[in-house]
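This report refers to the structure that appears directly beneath it.
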């Protein structure tokens, strides 16, 4: 039982990461209908920036700076790279641009910061061993289960992000405009919404969220390099597919399901070592077969 | 003085030109009907006015040039466009649809206007928390008009409001438009296949043919004109 609970906690830690990246994917998909394959790499680049900043400022401030840069950078990418292609009215072109971004942004930090594995300082309680710059994450004992501060910090981050997004989407005029553009872009313009601004905001929010998640993922592992977000992105895609690509709640729950399933598979499907890597594919396949709109996705019913 | 004036407007989609020098006017407080066969350029005319497609020539609204302006700017200038298919935000609630109509307004009377439209159209009030896309076509058309009115427009552009509606619902819709025009002094430019009904509430009408005005005149003379009836109105 302890083992099971321990794996559950580990799974939640991963699940929050997948959920957060899935959420970033959903933010863009909802407002622009684009699947952003470069999501993970955008987060990677801002993670390197946070790592660089953390050498001169406290790590929390470094992440905040990275967030601001990510937010602005996301908006610029939408305006400069995505929109001109989107106006050509072929969704496939945009997908190809995001794939290009995937490769480009993956190479960028390697060019600037080198290919060596780096260590991210931990924005949560940790013990510094002699000679160890970033230290080891502390854990809280709950009964026999040890809950890492990394999991606690990630979970708190997720709750805060969800609360803020909920407030934004449901309680503000801007959020209503964002949902309107997602629902009917043409009609949005006719009621006077500047659709371009809201599309930029979708990318900005998404890249900003990535800039928060990336450094936390990096800080959780012993070291990170340019491959940091690649595995995460695959699991995040499966989380988003599981939850339904247009549902914020679905992304979060989907992330947790994928994370926990991964942890339990690793633990209990011992004979087939490495099978957990197949899990996201199996989940995507299963969801597409049984519920094409995902667990929380809207099946749009429209009467004419 | 006319509220809206189009002079020599040409517009189209990419290389395909649909409007070939269109002249059209809507007076303040007037209901103007645009008739014509499919492909004559009726919808294109409305889209050119609201800036959804680029147009050349002059589009003057209330003394201000609107040609070349973006749809957002045209909406803010006081023109509300209900497109074909009603432009419903299907996944959003009825109330959210109405609030979107008022999204550019910065005055404090949006809530009061909401109550007003719920009073005027009780069906919308009953369904305020329901997804707008789940309502019937007639209810969605009412919602679209209420949404447009939430922006407190001076001119309402309506594109085939009767499309897909039962005859009885269509009649009720046009009666409501007539009331709005009389009570609020709202100017309306309506594109409609149901010529008889539209001219019934309209002051003047234009018949479009291949992107140009073929015939124009007041509603009574258009209905009474034997040639026009046979050639364009089909009754």
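Chains as they are written, first to last, in this note's numbering: chain S, 17 to 320; chain P, 1457 to 1691. Glycine residues also receive a C-beta, built at the ideal position from the N, C-alpha and C atoms. As the structure is a computational prediction, the values presented were derived from the model and not from experiment.
Give me whichever residues DSSP pairs with residue 157 of chain S in a beta bridge.
BP columns for residue 157 of chain S point to S/162.
Just tell me which of S/307, S/233 and S/308 has its CA closest to the CA of residue 34 of chain S.
Of S/307, S/233 and S/308, the residue nearest in Cα terms is S/233.
Tell me whether residue 152 of chain S sits in a helix, a strand or coil according to DSSP, three-state version.
If DSSP states are grouped into helix, strand and coil, residue 152 of chain S belongs with the strands.
According to DSSP, simplified to helix, strand and coil, what is residue 20 of chain S?
Note: residue 20 of chain S maps to helix in three-state DSSP.
What does DSSP give as the partner residue(s) for residue 1659 of chain P in the beta ladder?
Answer is none; residue 1659 of chain P lacks a bridge partner.
What separation, rounded to the nearest whole angstrom, lies between the Cα atoms of residue 156 of chain S and residue 164 of chain S?
Computed Cα separation, rounded: 6 Å.
Would you verify that the beta carbon of residue 1481 of chain P is, or is not, closer than 7 Å to some beta carbon of chain S?
Judged by the 7 Å Cβ criterion, residue 1481 of chain P is not in contact with chain S.
Do residue 257 of chain S and residue 26 of chain S count as a contact pair if the criterion is CB distance below 7 Å?
Taking 7 Å as the Cβ cut-off, residue 26 of chain S and residue 257 of chain S do not qualify as a contacting pair.
Specify, as a first and last residue, the run of the beta strand (DSSP E) that residue 189 of chain S falls within.
Unbroken run through residue 189 of chain S is the alpha helix (DSSP H), 189–199; no beta strand (DSSP E).
Residues of chain P with CB closer than 7 Å to the CB of residue 209 of chain S, please, in chain order.
Near residue 209 of chain S (Cβ distances below 7 Å), the residues of chain P are 1528 and 1559.
Output, in sequence order along the chain, the residues in the region 76–109 of chain S whose CB is closer than 7 Å to any CB in chain P.
Listed in sequence order: no entries.
Could you compute how far the alpha carbon of residue 1625 of chain P sits from the alpha carbon of residue 1675 of chain P?
Distance between the alpha carbons of residue 1625 of chain P and residue 1675 of chain P is about 22 Å.
What is the residue span of the alpha helix (DSSP H) that residue 1596 of chain P lies within?
That run of the alpha helix (DSSP H) goes 1593–1605.
Between P/1607, P/1637, P/1646 and P/1634, which lies nearest to residue 1619 of chain P when the distance is taken from Cα to Cα?
Looking at the Cα atoms, P/1646 is the closest of the given residues.
Could you name the residues of chain P that residue 351 of chain S contacts, counting a contact when the two beta carbons are closer than 9 Å?
Coverage of chain S is limited to positions 17 through 320, which leaves residue 351 of chain S absent and any answer about it impossible.
When you compare the CB of residue 196 of chain S with every CB in chain P, is at least one pair closer than 7 Å?
At least one chain P Cβ lies under 7 Å of residue 196 of chain S.
Given a threshold of 16 other Cβ atoms within 10 Å of its Cβ, counted over all protein chains shown, does residue 1598 of chain P qualify as buried or as exposed?
The residue in question, residue 1598 of chain P, is buried, as its Cβ has 16 or more Cβ neighbours within 10 Å.
Using 10 angstroms around the beta-carbon of residue 1565 of chain P, count the other beta-carbons present and answer buried if the total reaches 16, otherwise exposed.
When all chains shown are included, residue 1565 of chain P counts as exposed.
What residues in its chain sit with their C-beta under 8 Å from that of residue 209 of chain S, if we drop five residues either side in the sequence?
Taken in chain order, the residues that qualify are 193, 196 and 197.
Cβ of residue 200 of chain S less than 7 Å from any chain P Cβ?
Yes, its Cβ sits closer than 7 Å to a Cβ of chain P.
Per DSSP, residue 1468 of chain P is paired with what?
Bridge partners of residue 1468 of chain P: P/1473.
In its own chain, which residues sit with a C-beta less than 8 Å from the C-beta of residue 166 of chain S, not counting the 5 before and 5 after it?
If we look at residue 166 of chain S and ignore the five residues flanking it on each side, its Cβ neighbours are 29, 138, 140, 153, 232, 235 and 236.
Rounded to the nearest angstrom, what separates residue 76 of chain S and residue 222 of chain S at their Cα positions?
Going from the Cα of residue 76 of chain S to the Cα of residue 222 of chain S covers about 19 Å.
Residue 86 of chain S and residue 47 of chain S - do their beta-carbons sit closer together than 7 Å?
It is not a contact, given that the beta carbons lie outside the stated cut-off.
Inspect the CB distances between the region 1478–1494 of chain P and the region 1649–1662 of chain P and report whether three or more fall short of 8 Å.
The answer is yes - the region 1649–1662 of chain P touches the region 1478–1494 of chain P, with three or more Cβ pairs under 8 Å.
Determine the burial state of residue 1617 of chain P: buried for a count of at least 16 other Cβ atoms within 10 Å of its Cβ, exposed for fewer.
Burial call: buried.
Buried or exposed: residue 17 of chain S, going by 16 or more other Cβ atoms within 10 Å of its Cβ?
So residue 17 of chain S ends up on the exposed side.
Taking the straight line between their C-alpha atoms, what separation do you get for residue 1588 of chain P and residue 1549 of chain P?
About 5 Å.
Could you pull out every unbroken beta strand (DSSP E) segment of at least 3 residues lying fully inside the region 1663–1689 of chain P, listed in chain order?
Those beta strand (DSSP E) runs which fall completely within the region 1663–1689 of chain P and span 3+ residues are 1668–1674.
Can you say whether residue 251 of chain S is buried or exposed, counting buried as having 16 or more other CB atoms within 10 angstroms of its CB?
The residue in question, residue 251 of chain S, is buried, as its Cβ has 16 or more Cβ neighbours within 10 Å.
Quick check on the burial criterion: 16 or more other C-beta atoms within 10 angstroms. Buried or exposed for residue 122 of chain S?
Residue 122 of chain S is buried by the Cβ-count criterion.
Is there a C-beta anywhere in chain S that falls below 7 Å from the one on residue 1476 of chain P?
No, no contact with chain S.
At which residues does the alpha helix (DSSP H) containing residue 1630 of chain P begin and terminate?
Unbroken alpha helix (DSSP H) run through residue 1630 of chain P: 1623–1640.
Determine the closest residue to residue 177 of chain S out of S/37, S/111, S/309 and S/22, with distance taken between C-alpha atoms.
Residue 177 of chain S has its Cα closest to that of S/37, out of S/37, S/111, S/309 and S/22.
Distance, Cα to Cα, residue 1666 of chain P vs residue 1460 of chain P?
Each residue's Cα considered, the two are about 22 Å apart.
Which residues in chain P have a C-beta closer than 9 Å to the C-beta of residue 189 of chain S? List them in chain order.
Correct list: 1555 and 1559.
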